[in-house]
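Q:
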Amino acid sequence: MKKEALKKRFSKPDDKDRPSCFFTLTPPSDAEEERALLRYVGDLARKGFSVITPQLPEDFVLTEENLPSLRRAFRLILAAAEKKHFEVGFSLDAAYEAFAVQQDDALRAKMLTVKEYICTEGERVRRKLHEGELLSIVGFSEETNTILDLRPFIEGDTYEWTVPEGNFVVREYLAVKDTSTNRVNNLSFPVYRSFAERTFALFAEDFAPYLGKILTRVVCIGVGFWGDNHRAWDASFGEVFEKRFYYDPAPFYPALFGYIGPDTKHRRAHLMNARAAMLENGFFRAIEDFAAAHKLTLAGTLTASKISASTLTAGDAVRALSHAPTALMDRAPLYGTNSLHIAAGAAKMRGKTRVDADFFRHYTPRTPHLMKKDVLNSFALGANKASFYVKKEDEKITPLCRLAATLSAVLGEGAQVSDIAMLYPLHHLQSRATLYISPVKPGFEYPATNSDADYMTLLNAVTIYAGHSVALLHPDLLDLRGHTKGGVLYVDKEKGAPEEYRVLLLPATNMIRASNLRLLLKFYREGGKLIATGLLPDCAFEAGDDSEDAFVRDAIREIFGADACNPLLMKDFCHNQNAAGGEAYFLYFNDSASDGTRMTRSSTVNEALNSLGVNYDVYLPGMPRLECTGALNLNYPDFHGVGLDRGFPGGGFLNYTHRRAENFDVYYFSNTSARAYRHRALLRGAMDVEEWNPLTREHRTRPSTLLLFRGDLYTNLSLTLPPDSALFLIGTARSDISKAEKIDAIGDLRSLHAALMSEF
């Protein structure tokens, strides 16, 4: 899109730019309730929503008796949508799953359980197998970490085995019906595909005239591993595993629950990786297939925005969300900020430009002021489309709809620009994940976050403290589309020029894909810059002999140096470089986050970034540099109750995003803090700049000067952002570059705290 066309769209966004919404639908029981429903839905359309999706109450029980009233409600909503020109989504709520399971128990979700029998040396064990689909049966010695496959000793429904020397436990690993949740088996493609079709069939006559025209979306909320302790499973696991890793997983099931010896992390990483594939190739492939068959688009979110522990709740969060990139912003404010990085990284997996953000589902407190702050901030961190969970008390939501439409109109264009990329530490997370069997309290069950899962605090250190944009790269993406040249890491896109990264962040990880590391080693040898935090990898994810592990150790030593690889040595930091200009920092953990994870202080990360000699895309010298302590994993009442808001001026930040369009650049800045930003902005490149205000939809030309910093031209202009405000800067190529002032440094790039406490 040309700039002038985008300016018109900025002034008057298209219908497709408007946010969508969810509302709670209780099927009306009489004519008066039907009229109230129609008034409410019509009011939502007038407030500025483009797609309206009814959702059943969380405690709603669907029955044959109340199904007719629900069908009647959908007919009314769809007819109103056709008349008033808005679209409707259908949400596959838990109530439909419970109804389907009651109708056909074969659809019921399954979970992994363990039955064990303690036996003694020389004992002749003859026992009947427990009920359930047997996945593995082993004799396991915790003293020697010996695992014996007992499947050859099964005859019929009984196994008979003589215990060898040592103390052994017989463990049966079974897929059993999950009777605790009344959910459908979302790890099985045929089961979930069948469930979706059965549910749609309940409304076939009602939906048929509107499919693909008025009824345009299918929505799935809370996707993930259900059941007690998130032990959702399926008997197809062995087949899925062997297709990925070419060996039988059955003898290694004990690694899911505990230590089995030096090879534990390899086996566990493989097991958890295959489990993640079951969810992606079960639910996500099934629902995509279903949506395509009915001419619908797909939207949905994972189980929780505490993404740091996502391996246990949602498997591979990036690959899962790549089917419908959506960040969950559901507990005000800031809670869920981390999931924006995940959703933006997921979009890259499939070359998608749209990143949704679902706002306000469990928002507390629910005030227009905080709701506005979250929208402003989320669009600066990667979102470019909004969905709101609305309640009847949201009378003043029209201005927020207008704002979201304006932001979507502009930020839907172009590709995000970042100089810094982070490798998603997927295999480290998988190798650290341990299943468990424990009583469950009512409510969502949050698994503990591994103490060395620092990638979220590292992402926030770069954006919130250092003031730079960062892209999250999945290991698969590097394998498929990554390459390097001249100290620059490139990631190809389906269309257009590849993305370019000058710095690669490696968060704490004990395991890395050897294929990824070969690319990073080439990147370093050609002059690339790397920063690692907390823990360096010493083994490869790939299956096979020890040669790949040896390669990982040798390559990490070459990149980060011998000191960084010495566990007995502790320094402020380790720095390594080569003749081609390649540089690598290893930064030790030097703080603890509020959620119990270890971390490297943001000020330390910032110092390392500034020491690399890289000219970054954007500089905001006067931005508030806020030390991230894991507080963004807390919901707002807890965040406020323990006083963490005092470290965040007004509970907000200064953030930005940069997108490169066809013949111009879009910079979006938001200030959700209580302090005005009155300072400069330096934008790499020589540009003429216009300012577009998304709150007023006004625009004006901005004066600017040119600076020459370490060989790069920068556009220098004043930037004023009052509290709770935002603006776009639109840059086009500048022809006159003769008046550029040369500068040797950009000041104020660290906080006073960093100046006093720096380890550099």
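Read in our numbering, the sequence shown has 667 at position 621, and its numbers run on one by one without any break.
In this text, a Cβ means the ideal position worked out from N, Cα and C, and glycines have one as well.
Computed from a predicted structure; not experimentally measured.
Please go through the segment 455-532 and give each complete alpha helix (DSSP H) segment of 4 or more residues, from N-terminal end onward.
A: DSSP runs (the alpha helix (DSSP H)) wholly in the segment 455-532: 472-478, 501-506 and 521-527.
Q: If you draw a straight line from the C-alpha of Leu823 to the C-alpha of Asp60, how long is it?
A: Past the boundaries of the shown model lies residue 823; the chain is included only from 47 to 806, so the question cannot be answered.
Q: Distance check for Thr208 and Leu551, CA to CA, integer angstroms please.
A: Along the sequence shown, one-based indexing puts residue 551 at 505. Along the sequence shown, one-based indexing puts residue 208 at 162. Rounded to whole angstroms, Leu551 to Thr208 spans 52 Å at the Cα level.
Q: Could you name the residues that DSSP lists as bridge partners for Cys620?
A: On the sequence shown, residue 620 is found 574 positions in, with the first residue counted as 1. Partner(s): Phe632.
Q: Excluding the five sequence neighbours on either side, which residues of its own chain have a C-beta within less than 6 Å of the C-beta of Leu138, listed in chain order?
A: In the sequence shown, the residue the question calls residue 138 occupies position 92. The answer, listed in chain order, is Cys266.
Q: Roughly how many angstroms separate the alpha carbons of His408 and Arg172, rounded to a whole number?
A: Numbered from 1 along the sequence shown, position 362 holds the residue referred to as residue 408. Numbered from 1 along the sequence shown, position 126 holds the residue referred to as residue 172. C-alpha separation (whole angstroms): 53 Å.
Q: Exposed or buried, Leu325, counting other C-beta atoms within 10 Å across all chains shown (16 or more means buried)?
A: Locating residue 325 in the sequence shown gives position 279, counting from the first residue. With 16 or more other Cβ atoms within 10 Å, it is buried.
Q: Cβ atoms of Leu446 and Lys418: under 8 Å apart, would you say?
A: Position 372 of the sequence shown, counting from 1, holds the residue named residue 418. Position 400 of the sequence shown, counting from 1, holds the residue named residue 446. In this structure, Leu446 lies closer than 8 Å to Lys418 by Cβ.
Q: Run through the DSSP bridge pairs and tell me what Pro100 is partnered with.
A: For the purposes of this step, residue 100 is taken as residue 54 along the sequence shown, with counting starting at 1. DSSP output for Pro100 lists Phe69 as bridge partner(s).
Q: Count the other C-beta atoms from every protein chain shown that fall within 10 angstroms of the C-beta of Lys129, then say buried if there are 16 or more, exposed otherwise.
A: Here residue 129 is taken as the residue at index 83 of the sequence shown, counted from 1. Classification for Lys129: exposed.
Q: Looking at the strands, I want to know which residues DSSP matches up with Cys266.
A: For the purposes of this step, residue 266 is identified with residue 220 of the sequence shown, where counting begins at 1. Its beta-bridge partners are Gly346.
Q: Ignoring anything shorter than 4 residues or poking outside the segment 233-309, list the alpha helix (DSSP H) runs there in chain order.
A: Counting whole runs of 4 or more residues, the segment 233-309 contains the alpha helix (DSSP H) stretches 235-247, 250-253 and 283-291.
Q: Tell me whether the segment 170-187 and the segment 272-284 touch, counting them as touching only if at least three CB pairs, one residue from each stretch, are closer than 8 Å.
A: Flag = yes, the segment 170-187 and the segment 272-284 touch.
Q: Can you check whether the C-beta of Ser464 is within less than 8 Å of a C-beta belonging to chain D?
A: In summary, chain D is missing from the structure at hand, where a single protein chain is found.
Q: Assuming Lys311 contacts Asn556 (C-beta within less than 8 Å), just tell me the rounded distance between them.
A: In the sequence shown, the residue the question calls residue 311 occupies position 265. In the sequence shown, the residue the question calls residue 556 occupies position 510. Going by Cβ atoms, the distance from Lys311 to Asn556 rounds to 7 Å, so yes, they are a contact pair.
Q: When the Cα atoms are used, what is the spatial distance from Tyr760 to Asn701?
A: If you number the sequence shown from 1, residue 760 lands on position 714. If you number the sequence shown from 1, residue 701 lands on position 655. For Tyr760 and Asn701, the distance between alpha carbons rounds to 19 Å.
Q: For Val107, count neighbouring C-beta atoms within 10 Å of its own C-beta (all shown protein chains included) and say buried if the count is 16 or more, exposed if not.
A: In the sequence shown, the residue the question calls residue 107 occupies position 61. Exposed: under 16 other Cβ atoms inside 10 Å.
Q: Does Cys447 come out as helix, strand or coil in the three-state DSSP assignment?
A: To locate residue 447, count along the sequence shown from 1; it is residue 401. Here Cys447 sits in helix by DSSP.
Q: Take the Cβ of Tyr305 as the centre, count every other Cβ of all protein chains shown within 10 Å, and call the residue buried at 16 or more, exposed below.
A: By one-based count along the sequence shown, residue 305 stands at place 259. Counting Cβ neighbours within 10 Å, Tyr305 comes out exposed, since fewer than 16 surround it.
Q: Note down, one range per segment and in chain order, each beta strand (DSSP E) of at least 3 residues found wholly within the segment 128-196.
A: Fully enclosed beta strand (DSSP E) runs of 3 or longer: 133-137, 156-165, 170-174, 179-187 and 192-195.
Q: Where in the segment 359-404 do unbroken runs of the alpha helix (DSSP H), each at least 4 residues long, occur, reported from the N-terminal end onward?
A: Entirely contained in the segment 359-404, the alpha helix (DSSP H) runs reaching 4 residues are, in chain order, 363-367 and 383-395.
Q: In angstroms, rounded to a whole number, what distance separates the CA positions of Glu78 and Cys674?
A: Your numbering for residue 78 matches position 32 in the sequence shown. Your numbering for residue 674 matches position 628 in the sequence shown. Rounded to the nearest angstrom, the two C-alpha atoms are 52 Å apart.
Q: In the DSSP output, what is Asn762 paired with across the bridge?
A: Numbered from its first residue, the sequence shown carries residue 762 at position 716. For Asn762, which the question treats as bridged, DSSP gives the partners Leu728 and Thr751.
Q: By how many angstroms is the C-alpha of Ile577 removed from the C-alpha of Arg527?
A: In the sequence shown, residue 527 corresponds to position 481, counting from 1. In the sequence shown, residue 577 corresponds to position 531, counting from 1. If you take the alpha carbons of Arg527 and Ile577, they lie about 22 Å apart.
Q: Are Ser464 and Ala517 touching if we call contact CB-CB under 8 Å?
A: Here residue 464 corresponds to residue number 418 of the sequence shown, with the count starting at 1. Here residue 517 corresponds to residue number 471 of the sequence shown, with the count starting at 1. Taking 8 Å as the Cβ cut-off, Ser464 and Ala517 qualify as a contacting pair.
Q: Who are the Cβ neighbours of Phe569 in its own chain at under 6 Å, not counting the five residues just before and after it?
A: Translated into positions along the sequence shown, residue 569 becomes position 523. So the list reads Thr530 and Leu535, once near-sequence residues are dropped.
Q: Which class does Leu802 belong to by DSSP, given the choice of helix, strand or coil?
A: Walking along the sequence shown from the start, residue 802 turns up at place 756. With a pLDDT of 46 at Leu802, under the threshold of 50, the modelled position of this residue cannot be trusted, and the question is left open.
Q: In whole angstroms, give me the CA-to-CA distance for Leu116 and Tyr142.
A: As a working mapping, residue 116 is identified with position 70 in the sequence shown. As a working mapping, residue 142 is identified with position 96 in the sequence shown. Taking the straight line from one Cα to the other gives about 12 Å.
Q: When you compare the segment 771-783 with the segment 736-749, are there three or more beta-carbon pairs, one atom per stretch, that lie closer than 8 Å?
A: Touching, yes.
Q: Quick one: Cα of Ala373 to Cα of Tyr163, how far?
A: Numbered from 1 along the sequence shown, position 327 holds the residue referred to as residue 373. Numbered from 1 along the sequence shown, position 117 holds the residue referred to as residue 163. Cα-Cα distance, rounded: 44 Å.
Q: With DSSP as the reference, label Leu565 as helix, strand or coil.
A: Here residue 565 refers to the residue found at position 519 of the sequence shown. In this structure, Leu565 counts as helix in the three-state DSSP scheme.
Q: With a threshold of 8 Å on Cβ separation, who are the neighbours of Leu802 within its own chain once the five nearest residues in sequence on each side are excluded?
A: Residue numbering aside, residue 802 sits at position 756 when the sequence shown is read from its first letter. Because the pLDDT at Leu802 is just 46, under 50, the model does not fix this residue reliably, and the value given afterwards should be weighed accordingly. Nothing listed; no residue qualifies.
Q: Pairs of beta-carbons, one from the segment 573-592 and one from the segment 623-633, closer than 8 Å: are there three or more?
A: Contact holds: three or more Cβ-Cβ distances are below 8 Å.
Q: Under 8 Å between the Cβ atoms of Val421 and Leu344?
A: For the purposes of this step, residue 421 is taken as residue 375 along the sequence shown, with counting starting at 1. For the purposes of this step, residue 344 is taken as residue 298 along the sequence shown, with counting starting at 1. No, these two residues do not count as a Cβ contact at 8 Å.
Q: Using DSSP with H/G/I as helix, E/B as strand and the rest coil, what is Leu784?
A: Along the sequence shown, one-based indexing puts residue 784 at 738. Note that residue 784 is Ser in the sequence shown here, rather than Leu. Of the three classes helix, strand and coil, the one that applies to Ser784 here is coil, per DSSP.
Q: If you follow the beta strand (DSSP E) that Ser771 is part of, which residue opens it and which one closes it?
A: Indexing the sequence shown from 1 puts residue 771 at position 725. Element bounds for Ser771: Ser771 to Ala779.
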